[in-house]
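K.L.:
Starting off with a structure, shown below.
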Amino acid sequence: MSRVLPPASHRKIPATVITGFLGAGKTSLIRHLLETSNGSRLALVINEFGEVGVDRDVLLGCGLESCGDEDVVELANGCICCTVADDFLPTMRMLLDRPDPPDHIVIETSGLALPKPLVKAFAWPEVRTRATVDGVIAVVDAAAVADGRFAADPVAVQAQRRADEALDHDSPLEELFEEQVQCADMIVLNKIDCVTGRQRTHAEREIARHARPAVRTVCASHGAVDASILLGLGAGAEDDLVSRRSHHDEAGEHDHQDFDSFVLHPGTIENVDRFMAGLQDCIGRHDILRVKGFLHVSGRPMRLAVQAVGTRLQHYFDRDWSDGEERTSSLVVIGLDGMDHAAIRAGITG
Numbered sequence: 112m113s114r115v116l117p118p119a120s121h122r123k124i125p126a127t128v129i130t131g132f133l134g135a136g137k138t139s140l141i142r143h144l145l146e147t148s149n150g151s152r153l154a155l156v157i158n159e160f161g162e163v164g165v166d167r168d169v170l171l172g173c174g175l176e177s178c179g180d181e182d183v184v185e186l187a188n189g190c191i192c193c194t195v196a197d198d199f200l201p202t203m204r205m206l207l208d209r210p211d212p213p214d215h216i217v218i219e220t221s222g223l224a225l226p227k228p229l230v231k232a233f234a235w236p237e238v239r240t241r242a243t244v245d246g247v248i249a250v251v252d253a254a255a256v257a258d259g260r261f262a263a264d265p266v267a268v269q270a271q272r273r274a275d276e277a278l279d280h281d282s283p284l285e286e287l288f289e290e291q292v293q294c295a296d297m298i299v300l301n302k303i304d305c306v307t308g309r310q311r312t313h314a315e316r317e318i319a320r321h322a323r324p325a326v327r328t329v330c331a332s333h334g335a336v337d338a339s340i341l342l343g344l345g346a347g348a349e350d351d352l353v354s355r356r357s358h359h360d361e362a363g364e365h366d367h368q369d370f371d372s373f374v375l376h377p378g379t380i381e382n383v384d385r386f387m388a389g390l391q392d393c394i395g396r397h398d399i400l401r402v403k404g405f406l407h408v409s410g411r412p413m414r415l416a417v418q419a420v421g422t423r424l425q426h427y428f429d430r431d432w433s434d435g436e437e438r439t440s441s442l443v444v445i446g447l448d449g450m451d452h453a454a455i456r457a458g459i460t461g
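Each residue of the sequence shown is one higher than the last, beginning at 112 in the numbering used here.
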């Protein structure tokens, strides 16, 4: 039997919160979600870091009509759970006040976010009558958990921590992992293709130690989990805060340091293999934490997406350049405070 929904003006708009460490596969998961959403109007709120909106462009690169430019909102002022009043609530008001609001809101948190404070924000009077947390999805890197690291690149996660002046918690990685799993309504054990059977079993046991009763774990590779599985959980998480344990319900503020980032414009790339080899070498020599961006390759109608976390470097053509779009190359380079900009520029651009 089909279910008759009340008019949109009388329904709470469902929102899905997606958590997980840097490199766990949150963006890949969201892109697959968009591709399998069957035309539903989705709005995305992403905790982007850096001067080039790379995660935003990766998602817009899906080419779907249901994912327009106006449907992707970046929150770049710090960890979303620490800037709720300043960033998140105004963004929610903006989305909810649209004449034609979205069918569903998907929120990608930064890797440092504590999910519970964000869920609490849905209980605020200005939001609770108009939106509800359909579910919290924790994306877990199977190999990292099996190895006891929890994040694929702990150094890069620490760099995120130092970069965020709004951050008011300094949780160890293991504790952050517990926070994300304890608050989840579904757990995606990602990168399952990168682990052995024994490692998978170890990761599943580690998740089971912290997950709430009856919370389902879904195994995935490259974030390939369909929207029909991720959306429509109906958790109403804002009304179920007691069961979502947290180490930081009464956490105090902590000091944190700065680190460094800059944007590099290497121009048109003539030889992709040679450029990537130089980039890989430069990342290792200068202890670069992260590189992300897009490149214009000579003679190719598509832009080349580049993602590096530590020494793990990936590149792929993600979409055609649009008519009238300026074909430029831009990379965000992230490293510890004091990295040598000039040497890195020379190393990457030759």
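Note that the Cβ used here is the ideal one computed from N, Cα and C, for glycine as well.
Predicted model only: the values in this text are computed from it and were never measured.
Can you tell me whether Arg309 is buried or exposed, with buried defined as 16 or more other CB within 10 angstroms of its CB?
P.N.:
exposed
K.L.:
Identify whether Val444 lies in helix, strand or coil by the three-state DSSP scheme.
P.N.:
Looking at Val444 - three-state DSSP - the assignment turns out to be strand.
K.L.:
Who does His215 pair with in a DSSP beta bridge?
P.N.:
Leu153
K.L.:
Starting from the C-beta of Asp304, find all residues in its chain whose C-beta is less than 6 Å away, skip the five residues before and the five after it, and write them out in chain order.
P.N.:
Ser332
K.L.:
Note the first and the last residue of the continuous alpha helix (DSSP H) segment covering Gly395.
P.N.:
Val383 to Arg396
K.L.:
Which same chain residues end up closer than 6 Å to Ala254 when comparing Cβ atoms and leaving out the 5 residues on each side of it in sequence?
P.N.:
Lys302, Cys305 and Val306
K.L.:
Our contact map puts Val329 next to Val336 with C-beta atoms below 8 Å; I'd like the distance itself, whole angstroms only.
P.N.:
6 Å
K.L.:
Using 8 Å for Cβ pairs, my map puts His452 next to Phe373. What's the rounded Cβ distance?
P.N.:
6 Å
K.L.:
Going by alpha carbons, who is nearest to Ile216 out of Ala154, Pro228 and Ala346?
P.N.:
Relative to Ile216, the option among Ala154, Pro228 and Ala346 whose CA is nearest is Ala154.
K.L.:
Are there 16 or more other CB atoms within 10 angstroms of the CB of Thr138, so buried, or fewer, so exposed?
P.N.:
buried
K.L.:
By the three-class DSSP mapping on this structure, what secondary structure does His321 have?
P.N.:
Three-state result, His321: helix.
K.L.:
Going by C-alpha to C-alpha distance, which of Asp431, Arg411 and Gly446 sits closest to Ile380?
P.N.:
Arg411
K.L.:
Excluding five sequence neighbours on each side, which residues of the same chain lie with their C-beta closer than 7 Å to the C-beta of Arg456?
P.N.:
Leu375
K.L.:
Taking DSSP's pairing of strands, which residues face Cys330 in a bridge?
P.N.:
Leu300
K.L.:
Count the other CB atoms, across all protein chains shown, that sit within 10 Å of the CB of Gln293; report buried if there are 16 or more and exposed otherwise.
P.N.:
buried
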